[in-house]
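Residue numbers (full-length UniProt numbering): 1 to 316. In this text, a Cβ means the ideal position worked out from N, Cα and C, and glycines have one as well. Keep in mind it's a predicted model, so treat the numbers as computed, not measured. Please read the structure below before turning to the comments.
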Amino acid sequence: MERDYIMRVVCEATLSPEVKIRQAAFECLVSIGSTYYEKLAPYIQDIFNITSKAVRGDEEPVALQAIEFWSSICDEEIDILEEYGGEFTADSDVPCYYFIKQALPALVPMLLETLLKQEEDQDQDEGAWNLAMAGGTCLGLVARTVGDDIVPLVMPFIEENITKPDWRQREAATYAFGSILEGPSPDKLTPIVNVALNFMLTALTTDPSSHVKDTTAWTLGRIFEFLHGSTVETPIITPANCQQIITVLLQSMKDVPNVAEKACGALYFLAQGYEDLGSSSALTPYFQEIVQSLLNVTHREDAGESRLRTAAVRDS
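This is the structure in structure tokens:
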């Protein structure tokens, strides 16, 4: 069959001695995954094997495309599940084959390994794209695809690495946590977030690594974006912790530009969660202090770095 021949040629090309040919072969697989999702079932195990090998041992440009294949499959399955609501009949145009769900036990550990491959200057380079960032992005798409099923596969990695002396391990654990906050149900995530919140607020002010603080502030923003607001049954933000959260965010807005920008973003999502409450939100007592802090950020000499001034103006 022509399809089998084409797939064999593409898969064999992923093993070429030439880096550019291997990269191009994986780019072809990405296109095939997006365009011919419904034809992939006979080949998906072989594709997993070659992508896994590339992610773990090939040159970065090749490994990035291997990760991109799984991101593209997530995109396809998210679209299908949103369109059909998980209800498929024999005459459905594009049924979901649940490739991601089937691959979870092997796919998630592979992606978690990539989170430990950060670059020293990635926080300062706005255009940076590396294995850790690609792996985290794919992990986030996996979470959106499979929901609650991802949580027990990621939590052991977080618990093992979140307090390690190496900043790479702490940052990777925090990035993993932030990446799975969209997709799983609030019922699944809220108990975990309630335990983690105080730890993260402490890390944002005391961790010696700006990489860890950057990712911690981003993760707090994700918590406030997806698990805070009038539609959430069990509130994450309470009268008991609101003042501490605001104090920590305002303090972090004085940090290095990339951390301060993420703190502004977290404050934005915190405020968004109270939008439906009008003028009587829990932030009202802190309004003047928040506005003054945002104005101070816009006047910083380094406010042009890491989109910091833009973030502060958006919040104000």
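**Request:** Can you say whether Val195 is buried or exposed, counting buried as having 16 or more other CB atoms within 10 angstroms of its CB?
**Result:** exposed
**Asked** Alpha carbon to alpha carbon, what distance is there between Cys11 and Glu5?
**Response** One detail in the question is off: residue 5 reads as Tyr in this sequence, not Glu. Cα-Cα distance, rounded: 10 Å.
**Val142 classed as buried or exposed, judged by whether at least 16 other C-beta atoms fall within 10 angstroms** = By the neighbour-count rule (16 or more Cβ atoms within 10 Å), Val142 is buried.
**Message:** Give the list of continuous alpha helix (DSSP H) stretches no shorter than 4 residues that lie fully inside the region 145-192.
**Reply:** 151-161 and 167-179
**Request:** Give the straight-line distance between the Cα atoms of Asp148 and Gln45, rounded to the nearest whole angstrom.
**Result:** Using only the alpha carbons, I get a separation of about 24 Å.
**Asked** Going along the chain, which residues of its own chain have a beta-carbon closer than 6 Å to the beta-carbon of Arg222, five neighbours each way excluded?
**Response** Gly178 and Leu181
**Prompt:** For the 8 Å Cβ check, are there 3 or more pairs between the region 218-233 and the region 182-191?
**Reply:** yes
**Message:** Quick check: what's the CA-CA separation for Leu116 versus Ile245?
**Reply:** Distance between the alpha carbons of Leu116 and Ile245 is about 28 Å.
**Prompt:** With a CB to CB cut of under 6 Å and the five nearest residues on each side skipped, what residues in its chain are close to Gly33?
**Reply:** Phe69, Ser72 and Ile73
**Whole-Å CB distance - Thr215 paired with Thr174, under 8 Å assumed** = 5 Å
**Message:** If you follow the alpha helix (DSSP H) that Tyr84 is in, where does it begin and where does it stop?
**Reply:** Glu60 to Tyr84
**Prompt:** When the Cβ atoms of the region 74-81 are set against those of the region 41-59, are three or more pairs found closer than 8 Å?
**Reply:** no
**Helix, strand or coil at Gly229 according to DSSP, with G and I counted as helix** = coil
**Request:** Let me know the secondary structure DSSP gives Leu220 once reduced to three states.
**Result:** In the structure shown, Leu220 adopts helical secondary structure according to DSSP, grouped into three states.
**Beta-carbon spacing of Val212, Arg170 below 9 Å** = Against a cut-off of 9 Å, the Cβ pair of Arg170 and Val212 comes out as a contact.
**Message:** For a test of the three-state rule: what should DSSP assign to Lys117, helix, strand or coil?
**Reply:** coil
**Between the CA atoms of Ser209 and Ile290 - distance to the nearest angstrom** = C-alpha separation (whole angstroms): 25 Å.
**C-alpha distance - Val146 paired with Ala103, whole-angstrom precision** = 11 Å
**Asked** With burial defined as no fewer than 16 other Cβ atoms inside 10 Å of the residue's Cβ, what is the status of Asp207: buried or exposed?
**Response** buried
**Prompt:** Is it true that the CB of Glu83 sits closer than 9 Å to the CB of Arg22?
**Reply:** no
**Asked** Given Thr51, which residues of its chain have a CB within under 8 Å of its CB, disregarding the five upstream and five downstream residues?
**Response** Phe26, Leu29, Ala66, Ile67, Phe69 and Trp70
**Prompt:** For His299, which of helix, strand or coil comes out of DSSP?
**Reply:** The answer is coil: DSSP assigns His299 none of H, G, I, E or B.
**Prompt:** With 16 other CB atoms within 10 Å as the buried threshold, where does Pro257 fall?
**Reply:** Burial of Pro257 is indicated by the presence of at least 16 other C-beta atoms within 10 angstroms of its C-beta.
**Prompt:** Between which two residues does the alpha helix (DSSP H) containing Thr51 stretch?
**Reply:** Ile44 to Gly57
**Message:** Could you compute how far the alpha carbon of Ile100 sits from the alpha carbon of Met133?
**Reply:** 19 Å
**Request:** Just tell me which of Ala54, Glu38 and Met1 has its CA closest to the CA of Gln16.
**Result:** Residue identity differs from the one stated: residue 16 is Ser in this sequence, not Gln. Considering only alpha carbons, the answer is Ala54.
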